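Taking it in order: structure first as structure tokens, then the write-up.
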Amino acid sequence: MKQTLHKCILLLFAFILSALNLLAQTCQVTATAAHTSLCAGGTTAITATASFAATDWKWYKEGEATVLGTSASLQVSAAGKYKVVVTGSDCSAVTSNTVDIVEATIPAMSVVSGPTSFCAAGQEVAYSINLVSEANSYTWSVPAGWVILSGQGTASILVRVGSTGSVSVAAANQCGPGATAVLEVNVQQPIAAPAVLGNKVCAGESAFLQISNPQQHLTYTWYSSNTSSTPLATGATFNTPPLLGATTYYVAATNTTSGCASARTAFTADVTPAISNNFIAENQSLCLGQLPAPLTSGLPTGGEGIYNYQWQTSTDGLQFMPVPGANTIIFNPGPLQQTTWFRRVVTSGSCQSVSNSVKVTVYPVPARPTITFSDSTLTASITEASYEWLKDGLALHATTQRITVKESGYYQVRVKNTAGCASAVSDSLYVELQPVSDDQNAPVSFYPNPSLDSKITLTVKQPLHNVQLSVLNTSGTAMYSIKLPKWKDALEVNLEHLPQGLYFVYIISDELRSTQRLMLRH
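Residues -24 to -1, 1 to 498, numbered by mature numbering (1 follows the signal peptide of the UniProt record, and there is no 0), are exactly what the sequence shown covers, in order.
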């Protein structure tokens, strides 16, 4: 009995719950709109559904009592909050949920962000705009030659740059596209890489590099490598540091207005090895009238292997002048009148080498002395460092300015200065210490004496060898002289060039020595 009662209670409780659920489900109304935003001039439909059999529909706008519609759907053209009140056989005045219709507008114009200037086409860059409220799409346009790589339809794109033009975008929603945002872009024409000129230099010298056709609207920047960011110099010319070998430099041209730069041009400065072994032999010293020894040097090395020579001369060791025609490896200076310096300039390609300078010292030669005779003493006319006396052509052991004569004969002297330079030998002075013989039986005789026509004939009693015959004036100066290897026949002597007066005929040979008076009368 108890079990039956318990089951009945449970069944009753389940029935009540089912009835309540059925009642709740039966009296519900739901309103939905095709679009909750409404574009200007547009309409949208709000549709209601009831969970029961509806017989009466009344649509209202919040805050207004006017019935807007009496069917299950309502076309609205203005923003506002809408609801419907529905009545049916089982439900009375059931109110739906509120549908909020808002006023929609086309998207506002935004600003395009991205670079506006390019030095060349081909770069990949991004453009974007801020997200536009309620926009559901973005349409981008780019200039000719540009390629949109990604992002079309979104608020940002990735592009590859082409030519000058404009990048634009328009945002759109259900009301349509908004105003177009435009960004002008400028793509420069590529700047040609500059052409470079440069000179070939010798090792240790600086090369001069220059732009072959510089433009005023361009600046030029020089670098040590193709990737270096540190410039060496700016300008259309560049003097390199001293170079020891071939060195490559780079230069780029930059537009002063746009700041765009060209590709870098590489230029290698050609360097020739320096000339070496250009050294001349030692200094020389000589007396005026002597010839200097040839100036010699070894073969130079370095350069381009082919050498040109130019000898130079100087009288002060400072200012040098080229010697005309002196273009050989060895130079013979020839006679010099004063101390002179010489050097050799060697060129090979762009290299030049100046040798050491060699000094050729030229010492003066003393003037030719004369001899005077007095009281058995001969005196040289010049005061110098040393003297060399000769008698009959043979050197005497006498080195002073004055000597005492002990024998008759022909005397001469030369003098030397401190440099060892000797003068020319003086004229001969005959000195006779013995009485002059007029013996008609002398081994040598001559006639007529006196001579009226200045001609005499000399004869010998026996052949003589290595004869020197001289006619001296009263001062002992030889006015006529002749040498005979052998004398045996009569000898006629013409003395017409001598003024009349007293003379001495002096004869010396291997066999004898003879002095006799001669009178000339015209």
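For every residue, glycine included, the Cβ atom is placed at its ideal position computed from N, Cα and C.
None of these values were measured; they are calculated from a predicted model.
task: State the Cα-Cα distance for the pair H373 and V469, rounded to the nearest angstrom.
output: Residue mapping note: residue 373 aligns to position 397 of the sequence shown, counting from 1. Residue mapping note: residue 469 aligns to position 493 of the sequence shown, counting from 1. C-alpha separation (whole angstroms): 35 Å.
query: Would you call K57 buried or exposed, if buried means 16 or more other Cβ atoms sit within 10 Å of its Cβ?
result: If you number the sequence shown from 1, residue 57 lands on position 81. It is exposed - the Cβ of K57 has fewer than 16 other Cβ atoms within 10 Å.
- request: Please report the residue range of the beta strand (DSSP E) in which Q483 lies.
  value: By one-based count along the sequence shown, residue 483 stands at place 507. A quick correction: the sequence has Ile, not Gln, at residue 483. I483 -> beta strand (DSSP E) spans 477 to 484.
Neighbourhood of A21 by C-beta, 6 Å cutoff - its chain only, sequence neighbours within 5 removed: Mapped onto the sequence shown, residue 21 falls at position 45. Contacts found: A10, S49, Q51.
- prompt: If you run the structure through DSSP and keep just helix, strand and coil, what is T2?
  reply: In the sequence shown, residue 2 corresponds to position 26, counting from 1. Helix, per DSSP.
- prompt: Do T63 and T31 come within 8 Å of each other at the CB atom, strictly closer than that value?
  reply: As a position in the sequence shown, residue 31 is number 55, starting the count at 1. As a position in the sequence shown, residue 63 is number 87, starting the count at 1. Taking 8 Å as the Cβ cut-off, T31 and T63 qualify as a contacting pair.
field: From L370, A16, Q288, residue whose alpha carbon lies closest to that of V78
entry: Numbered from its first residue, the sequence shown carries residue 78 at position 102. Comparing Cα-Cα distances from V78 to each of L370, A16, Q288, the minimum goes to A16.
task: With a threshold of 16 other CB atoms inside 10 Å of the CB of Y386, please say whether the residue is buried or exposed.
output: Here residue 386 corresponds to residue number 410 of the sequence shown, with the count starting at 1. Buried, since its Cβ has 16 or more Cβ neighbours within 10 Å.
- request: Might you give, ordered along the chain, the residues of its own chain that have their beta carbon closer than 8 Å to the beta carbon of N254, omitting 5 neighbours on each side?
  value: The count along the sequence shown starts at 1 and reaches residue 254 at position 278. Cβ neighbours of N254 beyond the five flanking positions: S273, P276, R320, V322, S329, V330, S331.
task: Go to R319, then tell me how far its beta strand (DSSP E) extends in each direction, as first and last residue.
output: Looking up residue 319 in the sequence shown gives position 343. It spans 316 to 324 - the beta strand (DSSP E) in which R319 sits, taken as one unbroken run.
For K392 and P309, the rounded distance between their alpha carbons: Taking the first residue of the sequence shown as 1, we reach residue 309 at position 333. Taking the first residue of the sequence shown as 1, we reach residue 392 at position 416. Approximately 25 Å between the Cα atoms of the pair.
query: Looking only at DSSP bridge pairs, what is P218 linked to?
result: Reading the sequence shown from its first residue, position 242 is the one you call residue 218. In DSSP, P218 forms a bridge with S182.
- prompt: Quick one, are the C-beta atoms of residue 499 and L173 less than 8 Å apart?
  reply: In this structure the chain extends from -24 to 498, so residue 499 is not present and cannot be described.
- prompt: Fully enclosed by the region 422 to 471, which beta strand (DSSP E) runs are 3 residues long or longer?
  reply: 431 to 436, 440 to 448, 454 to 463, 467 to 470
- request: Label S72 either buried or exposed according to how many other C-beta atoms from any shown protein chain fall within 10 Å of its C-beta, with 16 as the threshold for buried.
  value: For the purposes of this step, residue 72 is taken as the residue at position 96 of the sequence shown. S72 is buried by the Cβ-count criterion.
- prompt: Using DSSP with H/G/I as helix, E/B as strand and the rest coil, what is S329?
  reply: Looking up residue 329 in the sequence shown gives position 353. Looking at S329 - three-state DSSP - the assignment turns out to be strand.
- request: Would you mind sorting Q288 into buried or exposed? The rule is 16 or more other CB atoms within 10 Å of its CB.
  value: Working through the sequence shown from its first residue, we reach residue 288 at position 312. Result: buried.
- prompt: From this set, A157, N231, A7, which residue's C-alpha is nearest Y103's C-alpha?
  reply: Your numbering for residue 103 matches position 127 in the sequence shown. Closest option to Y103, Cα to Cα, is A157.
Within 8 Å, strictly: CB atoms of T355 and R378: Counted from its first residue, the sequence shown places residue 355 at position 379. Counted from its first residue, the sequence shown places residue 378 at position 402. Yes, the pair counts as a contact, with Cβ atoms nearer than the cut-off.
query: Among N215, P217, A229, which one has its Cα closest to the Cα of T195?
result: Working through the sequence shown from its first residue, we reach residue 195 at position 219. It is A229.
message: Here's the rule: buried if 16 or more other CB atoms are within 10 angstroms of the residue's CB, otherwise exposed. What is P475?
response: Position 499 of the sequence shown, counted from the start, is the residue given in the question as residue 475. P475 comes out exposed.
Own chain residues within Cβ distance below 7 Å of A111, not counting five before or after: Taking the sequence shown and counting its residues from 1, the one referred to as residue 111 is at position 135. Cβ neighbours of A111 beyond the five flanking positions: P83, A147, A148, N149.
- request: Quick one: measure Cβ to Cβ for Q388 and L409, integer angstroms, because I've assumed they're closer than 8 Å.
  value: Residue mapping note: residue 388 aligns to position 412 of the sequence shown, counting from 1. Residue mapping note: residue 409 aligns to position 433 of the sequence shown, counting from 1. About 17 Å separates the two Cβ atoms, so there is no contact after all.
- request: Kindly identify the DSSP beta-bridge partner or partners of W198.
  value: Here residue 198 corresponds to residue number 222 of the sequence shown, with the count starting at 1. BP columns for W198 point to A209, V227.
- request: Evaluate S86 with the Cβ neighbour count: other Cβ atoms within 10 Å of its Cβ, from every protein chain shown; 16 or more gives buried, anything less gives exposed.
  value: Looking up residue 86 in the sequence shown gives position 110. Burial call: buried.
- prompt: Ordered along the chain, which non-local residues of its own chain (more than five positions away) have a Cβ less than 6 Å from that of C95?
  reply: As a first step, residue 95 is located in the sequence shown; it is residue number 119 there, counting from the start. Taken in chain order, the residues that qualify are Q164, C236.
- request: Measure from the alpha carbon of K34 to the alpha carbon of each residue in V60, G211, T12, then state which is nearest.
  value: Position 58 of the sequence shown, counted from the start, is the residue given in the question as residue 34. Comparing Cα positions, the closest option is V60.
message: At a threshold of 7 Å, does G141 count as lining the ligand FAD (C-beta to nearest heavy atom)?
response: Judged by which ligands are present, the structure shown has none, so any question about the ligand FAD falls away.
message: Measuring alpha carbon to alpha carbon, tell me which residue in I251, G211, T232, D351 is nearest S188.
response: On the sequence shown, residue 188 is found 212 positions in, with the first residue counted as 1. The residue with the shortest Cα to Cα distance from S188 is G211.
- prompt: Per DSSP, which one or two residues make a beta bridge with N162?
  reply: By 1-based counting over the sequence shown, the position of residue 162 is 186. Looking at the DSSP assignment, N162 forms a beta bridge with S93.
- request: Starting from W122, trace the beta strand (DSSP E) both ways and give me its first and last residue.
  value: Locating residue 122 in the sequence shown gives position 146, counting from the first residue. Unbroken run through W122: none, as it is neither H nor E.
Buried or exposed by the 16-neighbour rule on C-beta atoms within 10 Å, applied to R497: Translated into positions along the sequence shown, residue 497 becomes position 521. Result: exposed.
message: Just to confirm my understanding: we take L312, look at its own chain, exclude 5 residues before and 5 after, and list those with CB closer than 7 Å. What are they?
response: Walking along the sequence shown from the start, residue 312 turns up at place 336. Once the five neighbours on either side are set aside, the close Cβ partners of L312 are P268, V336, V338.
task: With DSSP collapsed to three states, give me the class of N(-4).
output: Sequence index remark: in the sequence shown, residue -4 carries index 21 (1-based). Interpretation of N(-4) is limited by its pLDDT of 46, a score under 50 that renders its predicted location unreliable; no figure is taken from the coordinates.
- prompt: Measuring CA to CA, which of T376, N425, V407, E364 is closest to A400?
  reply: On the sequence shown, residue 400 is found 424 positions in, with the first residue counted as 1. Ranking T376, N425, V407, E364 by Cα distance to A400 puts E364 first.
- prompt: E360 and P342 look like a contact to me (Cβ under 8 Å); what is the Cβ gap, rounded to whole Å?
  reply: Against the sequence shown, residue 360 aligns to sequence position 384. Against the sequence shown, residue 342 aligns to sequence position 366. E360 to P342, Cβ: 5 Å. Contact.
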